[in-house]
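Presented below is the structure to which this report refers.
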Amino acid sequence: MEKICKQVAIICIRTETGALNLQNPVQIGEPNGPDGKSVGHSVILYFGALGGDRTPLGSKKRTKKPPALDKDFGQAHTEIKMQLSGNYGQPEVFSATLVDLRRGDAAVLDGIDLPGEDARRLMELGFLPGARVTAGRSAPGGDPRVFQVDGSEIALRRETARRLRVRLHKTSKSK
Amino acid sequence: MSGCSDCSSCSVAGVVEIPGAKATTTVAVIGPPNSGKTTLFNRLTGLRQKVANFPGVTVEQHTGAAELPDGRSIQLIDLPGVYSLSPRSEDEQIAHDVLTGQRADTPKPEAVLLVLDATNLARHLMLAAPILALGMPTLVILNMADDLRNRGGRVDLAKLSAELGAPVALVSARQGEGIDQVFDLLAGTMPKPAPKELPILQDVPKCRQWAGRVGSQAAYHAPIPPKWTRRLDAVFLHPIAGPLVFLAVVIVIFQSIFSLGDPSKRAVDWLIQQSGNWIAAVLPASLFRSLLIDGVWKGVGSVVVFLPQVLLLFLFIGILEDSGYLARAALIADRTMAKVGLQGKSFIPLLSAYACAVPAILSTRTIENKRDRIATILIAPFMTCSARLPVYTLVIAAFITKRPLVGWLLSTQAAAMLGLYLLGFLAAVVTARLLKSSILKSGRTPFLLEMPSYRWPTVQSLGLRLLDRSKVFLRRAGTIILLVTVALWVMSHLPFENGRPVDIEHSLAGTVGHTIEPVIKPLGFNWKIGVGLITAVAARETIVATLGTIYAMDPKSQAQELESALHHDLSPGGAVALLVFFAFAMQCISTIAVVRRETGGWKWPAAQFAYMTVLAYAGAAVAAHVIR
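These protein sequence lines are chains G and Y, in that order. Numbered by numbering that gives the first Met the number 0, the letters in the first sequence go through residues 0 to 174 in order. Numbered by numbering that gives the first Met the number 0, the letters in the second sequence go through residues 0 to 627 in order.
Below is the structure:
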């Protein structure tokens, strides 16, 4: 497995309702591309307050509906995400959540923004970072939706699905 | 048990023999949810634990003996399904505790049967790591061999066995294929699990990587996704067709309870009447004959006639459960559950409460969140259980004339029944909303529901279910209901005046009825219904038996059938009030007992009983006032 990745810095500054909380302020690591060949050099600046849903600005241009703020999670949130540099030799990769997938869309799971125990259970069911997730059918109204992952079909409510970050390839999105 | 010490000593050796000379060897059956553990357990032991096609059917451990080919007998423990050995819900905790020997009521198992779904081996192998790490002799069973083969999957058993360091058998517990192999392996020797390396157990991604590597070493070729499941889901989960199918399924069930159930009910009725007449003709007139005819035949018999209808309901529930449609129904209904603040996992216990609240309350163990679990326990008795069916059917048949409402599809009687089921559901939903926005408020836990593939329900499994339900129904009729009716018969013959029993109105039973009459008068009930309500606290359907006995002994209604006698005694308003009362009231000793056990005290069952009784009384009073 060849890695030509130079360096990626994800700078994460989050605030939790006012108080500045530097949680994982700087993460430097090598992201694994979907094909194991990450060729990138990027710095991602990430500011945000916890509590809101993690829909990055700019990655969503849905005319259908604005990302409805779930009223049960509906704390105020701000989030600014900037991609400063990098991404040569690779299709543009967008970050989104499972909620953004429509039926038939597939994406690669990036991470789970849930407390450890809940994330663990999801991982035991196959929602592991790097796993390919395909959106399936849903109950009327689109919630909950069935996702195909690791050979099984698992239904998730919208409020859970939006905690699962995925990488979307532009090519797969515009099909 | 002494077997534990043996286990630790044999860990030195490469191969261990299941200690067979000792009285019994305990073997635990474990595996992920819906991998078919109980089906295998039933195959091996000849027992009939309940199985269905959705995760989380087994919520407590069951033990049973399996006879090995060489005549030895081993004790098998069937455990609830687990995804890992880090338990989150009550049922998983039970599995974990039994396996690690922390439960006082179950001996620590000396060996493990690990049941995995062969159609999803790569993921299911994740559980193998923590199980093998326990260091117990383990036999790995790949279940659903038929599915694997039909969908073009394959696996090299020898390689897998070498990779895991444990014997592996490919079986189909449902078809009975490969069961001999399991017996042979149980009887023979089980190599000590010595996998080449185990992953760090706490790290799920590492576990999955390990499982994937083991799978590919064993040349595991995953089967193609089930075609029929996709096709059926295209209909059942269609945005428009899906809910319509859901509605149609519900209507068909209710309609057939009346249209199919009625002839068979009349047949059973005829049998009971004929046998009663025969006894009356053979025996000389005596108190004993009255006890037998008025008490047992007319009392218990009037409940037994509802057996065909109850069985029909269970047949439908069985088909829905075994086929895998139930999980889809849960998905469709999840929105409603979410609105009242319950999580989707509450849906399956609530659905099974349509059969009986007792197993439903047990199955709430799959709900991880304690407050959600209590809320589900508290609303489960509102769902219309099968014990209400005789009461509903009797009153509906007596008061609502049968007319087609929507052609042959829905008659007025079936619609009334459907309305009662809806009423109970609404009461449950409103109560849940109240609880979840006040005393049982809780944070949300993610809703995860695995969608099983559709499967044909087997005739054998459905047959066994119906047989079991018949037994339960008749056992209740022969115990609680018989006891109550006999007690009632005695009470309605006391006191003796001039050596003869007084007429029923002035008997002990009549006096009790008359005493509570002022309380139930606003509901449009007379003393006879009052006596019925008291006896129904033991079990709901007892009221039917009670009324059967009372009417049989009252000279005014002796010649009449139960339905027409009831029609004579109740106004339409009173009939509706009676139905509403039964929809809401918690008249079931077994439910109260199981709630006490599951919540660990009298606080919840007492509050629940009080709440439901008050609601029942108020609802019935309103109904009696509105409809006159």
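Using N, Cα and C, we set each Cβ at its ideal position, and we do this for glycine too.
Minimum Cβ-Cβ distance from residue i to chain Y less than 7 Å
i: G:THR159; result: yes
i: G:ALA134; result: no
i: G:ASP149; result: yes
i: G:ILE153; result: yes
i: G:ARG102; result: no
i: G:PRO143; result: yes
i: G:ARG156; result: yes
i: G:ALA138; result: yes
i: G:ASP117; result: yes
i: G:GLY110; result: no
i: G:LEU97; result: no
7 Å Cβ cutoff met for residue i and residue j
i: Y:ILE630; j: Y:LEU156; result: In the structure displayed, chain Y extends from 0 to 627; residue 630 of chain Y sits before or after that span and is not available.
i: Y:ALA379; j: Y:LEU522; result: no
i: G:ALA134; j: G:LEU100; result: yes
i: Y:GLN48; j: Y:ILE93; result: no
i: Y:VAL154; j: Y:MET135; result: no
i: Y:PRO106; j: Y:THR24; result: no
i: Y:ILE141; j: Y:TYR219; result: Note that residue 141 of chain Y is Leu in the sequence shown here, rather than Ile. Cβ atoms of Y:LEU141 and Y:TYR219: not closer than 7 Å.
i: Y:LEU84; j: Y:PRO31; result: no
i: Y:ILE535; j: Y:ILE528; result: Position check: residue 535 of chain Y holds Ala in this sequence, whereas Ile was assumed. Result no, Cβ atoms of Y:ALA535 and Y:ILE528 do not sit closer than 7 Å.
i: Y:TRP488; j: Y:LEU290; result: yes
i: Y:ALA714; j: Y:LEU138; result: Here chain Y covers residues 0 to 627 and nothing more, so residue 714 of chain Y does not appear.
i: Y:VAL302; j: Y:GLU540; result: yes
i: Y:PHE253; j: Y:ARG387; result: no
i: Y:LEU43; j: Y:LEU75; result: yes
i: Y:LEU448; j: Y:VAL58; result: no
i: Y:PHE245; j: Y:ALA413; result: no
i: Y:PHE182; j: Y:VAL309; result: no
i: Y:ARG327; j: Y:PHE235; result: yes
Span separating the alpha-carbon of residue i from that of residue j
i: G:GLY47; j: G:VAL165; result: With a pLDDT of only 41 at G:GLY47, under 50, the local geometry of the prediction cannot be trusted, and no value is derived from it.
i: Y:LYS158; j: Y:SER171; result: 20 Å
i: G:LEU167; j: G:ILE153; result: 20 Å
i: G:ASP109; j: G:LEU163; result: 7 Å
i: Y:TRP227; j: Y:TYR453; result: 7 Å
i: Y:ALA374; j: Y:VAL594; result: 11 Å
i: Y:ALA210; j: G:LEU97; result: 25 Å
i: Y:GLY260; j: Y:ALA397; result: 16 Å
i: Y:LEU126; j: Y:TYR82; result: 6 Å
i: Y:ARG468; j: Y:PHE305; result: 13 Å
i: Y:MET416; j: Y:VAL394; result: 10 Å
i: Y:GLU320; j: Y:PRO554; result: 47 Å
i: Y:SER285; j: Y:PRO389; result: 30 Å
i: Y:MET490; j: Y:ILE292; result: 16 Å
i: G:THR159; j: Y:THR510; result: 60 Å
i: Y:SER160; j: Y:LEU185; result: 15 Å
i: Y:GLY573; j: Y:ASN276; result: 32 Å
CA nearest to the CA of residue i, picked from the options
i: G:ASP117; options: Y:ASN368, Y:LEU78, Y:THR44 and Y:HIS624; result: Y:ASN368
i: Y:VAL458; options: Y:PRO500, Y:PRO403 and Y:PHE315; result: Y:PHE315
i: Y:VAL575; options: Y:THR392, Y:GLN586 and Y:LYS602; result: Y:THR392
i: Y:ASP333; options: Y:GLY214, Y:LEU561 and Y:PHE446; result: Y:PHE446
i: Y:LYS440; options: Y:GLN342, Y:LEU425, Y:HIS492 and Y:LEU361; result: Y:GLN342
i: Y:ARG372; options: Y:GLU89, Y:LYS602, Y:ALA615 and Y:THR478; result: Y:GLU89
i: Y:HIS513; options: Y:PRO500, Y:ASN497 and Y:GLY531; result: Y:GLY531
i: Y:ALA168; options: Y:SER437, Y:GLN180 and Y:GLY187; result: Y:GLN180
Any chain G beta carbon closer than 7 Å to residue i
i: Y:MET336; result: no
i: Y:LEU197; result: no
i: Y:ARG370; result: no
i: Y:GLU91; result: no
i: Y:ARG153; result: no
i: Y:PRO445; result: yes
i: Y:TYR82; result: yes
i: Y:VAL170; result: no
i: Y:ILE331; result: yes
i: Y:VAL203; result: yes
i: Y:VAL357; result: no
Whole alpha helix (DSSP H) elements within the segment 525–605 of chain Y, 4-residue minimum: DSSP runs (the alpha helix (DSSP H)) wholly in the segment 525–605 of chain Y: 526–534, 541–552, 561–568, 571–583 and 588–598.
If you scan the segment 259–297 of chain Y from start to end, which runs of the alpha helix (DSSP H) of 4 or more residues do you find wholly inside it? Residue ranges of uninterrupted alpha helix (DSSP H) with 4 or more members, entirely inside the segment 259–297 of chain Y and ordered along the chain, are 260–281 and 286–289.
Runs of 3 residues minimum, wholly inside the segment 443–531 of chain Y: which ones carry the beta strand (DSSP E) assignment? Whole beta strand (DSSP E) segments, 3+ residues: 447–450.
Going along the chain, which unbroken runs of the beta strand (DSSP E) with 3 or more residues stay wholly within the segment 105–134 of chain G? Runs of the beta strand (DSSP E) lying entirely within the segment 105–134 of chain G, each at least 3 residues long, are 105–111 in chain order.
At 3 residues or longer, and completely inside the segment 87–128 of chain Y: list those beta strand (DSSP E) runs for me, N to C. Counting whole runs of 3 or more residues, the segment 87–128 of chain Y contains the beta strand (DSSP E) stretches 110–116.
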